[in-house]
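The block underneath contains the structure these notes are about, expressed in structure tokens.
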Amino acid sequence: MSRHFASLLAIAVVAVTLTPGGASAAPKEKEVDCTQVKCVALTFDDGPGKYAGVLLDTLKKHNAKATFFLEGQYVKSRPAFAKRMAVEGHELGNHSYSHPNFTTIGPAAIRSEIQKTQDIVKQVTGVEPKLLRPPYGMADLQVSDIAAEFGMPMILWTGGSRDWESKNEEAIKKQTLAVAKQGSIVLMHDWVKQTVDSMPSLIKTLQNKGYHLVTVSELIKDQKLEPGDIFPVPEGWEK
Ligand SMILES: [Zn+2]
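Heads up: the sequence shown runs through residues -25 to -1, 1 to 214, numbered per mature numbering (1 follows the signal peptide of the UniProt record, and there is no 0).
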């Protein structure tokens, strides 16, 4: 065998080893096609919250996936929860570092809030968030431009559990079931104990109705969102 051929072979071996999906990659989860089956994306904001560990246990038990829009400051204080979220197949999104209203602070402050959160999530979990949820769902064209700089679309919600308001298990279940429809993105919080307590029964009910609980990215795959886009588009939003 010529030296040249041998080195080509060596390169080919390296290339095969580095191909994603090779033997070293984690086993692939069964994919859910949300154009064929009913899907709902549950989203948990402001975490990792105090009760994230219990929530993660419940999600795992029921084979449900969720999306966590994390605050950088809590990723820093509760890194183990953030790591578990990533390892257990949930999606991690960026929800700023300290939750200011992006429409009332300057562009440098917005950039810093997003960047610091990208950095700490990456450092703690190895994952880089691909989605931004601006605090309070408040965005304007400037926020959209900055989201675009980071290569991220902005994700709001189609319905809320109003959990932070009611702090009542029955009310949270009722409200969530009322807004959970095909393609819904539901806003919840893993710092509300009653939300986490309601999850076993809520997940069972949704699954019995035929819903697959998927991540936001899975749910919106067909939307082909561009960086800086907002989804769902709020009333009065113009670009
Ligand atoms: Zn929030």
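Glycine residues also receive a C-beta, built at the ideal position from the N, C-alpha and C atoms. Just so it is clear, the structure is predicted and the values come from calculations on it, not from any experiment.
Report the three-state DSSP secondary structure of residue i (helix, strand or coil).
{"i": "Ile85", "result": "helix"}
{"i": "Leu106", "result": "coil"}
{"i": "Leu30", "result": "helix"}
{"i": "Ile121", "result": "helix"}
Measuring from the CB of residue i, is there a heavy atom of ligand 1 at a distance below 7 angstroms?
{"i": "Asp138", "result": "no"}
{"i": "Pro209", "result": "no"}
{"i": "His74", "result": "yes"}
{"i": "residue 228", "result": "Residue coverage of the chain in this structure runs from -25 to 214, which leaves residue 228 outside it and unanswerable."}
{"i": "Pro110", "result": "yes"}
{"i": "Asp165", "result": "no"}
Roughly how many angstroms separate the alpha carbons of residue i and residue j, rounded to a whole number?
{"i": "Val12", "j": "Tyr186", "result": "8 angstroms"}
{"i": "Asp115", "j": "Glu88", "result": "16 angstroms"}
{"i": "Gln198", "j": "Ala61", "result": "24 angstroms"}
{"i": "Asn38", "j": "Arg59", "result": "14 angstroms"}
{"i": "Gln48", "j": "Asn143", "result": "27 angstroms"}
{"i": "Gln182", "j": "Pro82", "result": "42 angstroms"}
{"i": "Leu200", "j": "Leu17", "result": "19 angstroms"}
{"i": "Lys40", "j": "His65", "result": "5 angstroms"}
{"i": "Pro110", "j": "His74", "result": "5 angstroms"}
{"i": "Ser159", "j": "Thr33", "result": "20 angstroms"}
{"i": "Thr42", "j": "Thr190", "result": "5 angstroms"}
{"i": "His164", "j": "Glu46", "result": "12 angstroms"}
If I'm right that residue i touches residue j with Cβ under 8 angstroms, what's the distance once you round it to whole angstroms?
{"i": "Leu188", "j": "Ile178", "result": "7 angstroms"}
{"i": "Pro23", "j": "Asn69", "result": "Not quite, the Cβ-Cβ distance comes to about 13 angstroms (not below 8 angstroms), so this is no contact."}
{"i": "Thr133", "j": "Val154", "result": "7 angstroms"}
{"i": "Asp204", "j": "Thr170", "result": "Not confirmed; about 28 angstroms, so no contact."}
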